[in-house]
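Notes follow once the structure below has been shown.
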Amino acid sequence: MTHAPGEHGKLLHRMPIELRWRDLDAFNHVNNSNFMTYLEEARIRWFETLGEEWVTDAVAPLLAAVQMNYRQPIPYPSSIVVELTADRVGSSSVTLGHRITSADGRVLHADGHVVMVWVLRASGRPTALPEGVRSVAGG
Numbered sequence: 000m001t002h003a004p005g006e007h008g009k010l011l012h013r014m015p016i017e018l019r020w021r022d023l024d025a026f027n028h029v030n031n032s033n034f035m036t037y038l039e040e041a042r043i044r045w046f047e048t049l050g051e052e053w054v055t056d057a058v059a060p061l062l063a064a065v066q067m068n069y070r071q072p073i074p075y076p077s078s079i080v081v082e083l084t085a086d087r088v089g090s091s092s093v094t095l096g097h098r099i100t101s102a103d104g105r106v107l108h109a110d111g112h113v114v115m116v117w118v119l120r121a122s123g124r125p126t127a128l129p130e131g132v133r134s135v136a137g138g
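Each residue of the sequence shown is one higher than the one before, counting from 0 in numbering that gives the first Met the number 0.
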């Protein structure tokens, strides 16, 4: 399954977030580095819903690529939502689309995608996606 740039696949996960004061920078909006933290947390929360190990002593996912398009600053105070989509499923990788929106969905703060590759820890070589990831992501 592959989607054209700008298209998003199956919705995998939605995670609401209440901003914290410490998320802000000197411009009084959320610092760009926190966008990545929000995405990381959403990915981990999604993985935890799979009901199967997605990381083991032998196998782990790595971020191979990250694209983040910053669309609108996130002011404080705000409630936001992170959405993850399955944009592409490969043999050892998955491309997860992401969107960060206002809680009501009216404002798009950021979008883009990450490519995650599962590797053997001992060698660093790619290995097959965990079946739970593949089946839920639609591969």
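Glycine is no exception: its CB is placed at the ideal position from the N, C-alpha and C atoms.
*Find out if the Cβ-Cβ distance for the pair Gly8, Thr55 is shorter than 7 Å.*
What you label residue 8 is simply residue 9 of the sequence shown in a count that begins at 1. What you label residue 55 is simply residue 56 of the sequence shown in a count that begins at 1. Against a cut-off of 7 Å, the Cβ pair of Thr55 and Gly8 comes out as no contact.
*Could you tell me which uninterrupted alpha helix (DSSP H) segments, each at least 4 residues in length, are contained entirely in the segment 64 to 130, listed from first to last along the chain?*
none
*DSSP three-state assignment for Ala59, whether helix, strand or coil*: Position 60 of the sequence shown, counted from the start, is the residue given in the question as residue 59. It is a strand residue.
*From the DSSP output, in three-state form, read off Leu23 for me.*
Position 24 of the sequence shown, counted from the first residue, corresponds to residue 23. DSSP places Leu23 in strand when its eight states are reduced to three.
*Quick one: what does DSSP say Glu17 is sitting in, helix, strand or coil?*
Sequence index remark: in the sequence shown, residue 17 carries index 18 (1-based). Glu17: strand per DSSP, three-state reduction.
*If you draw a straight line from the C-alpha of Met14 to the C-alpha of Arg124, how long is it?*
As a first step, residue 14 must be located in the sequence shown, where it is residue number 15. As a first step, residue 124 must be located in the sequence shown, where it is residue number 125. Using only the alpha carbons, I get a separation of about 31 Å.
_Sub-7 Å separation of Leu128 and Val113 beta-carbons_ = As a working mapping, residue 128 is identified with position 129 in the sequence shown. As a working mapping, residue 113 is identified with position 114 in the sequence shown. Cβ distance not < 7 Å, so Leu128 and Val113 don't count as in contact.
*Among Pro72, Phe26, Asn33 and Val65, nearest to Gly111 - alpha-carbon criterion*: The sequence position of residue 111 within the sequence shown is 112, counting from 1. Answer by Cα proximity: Val65.
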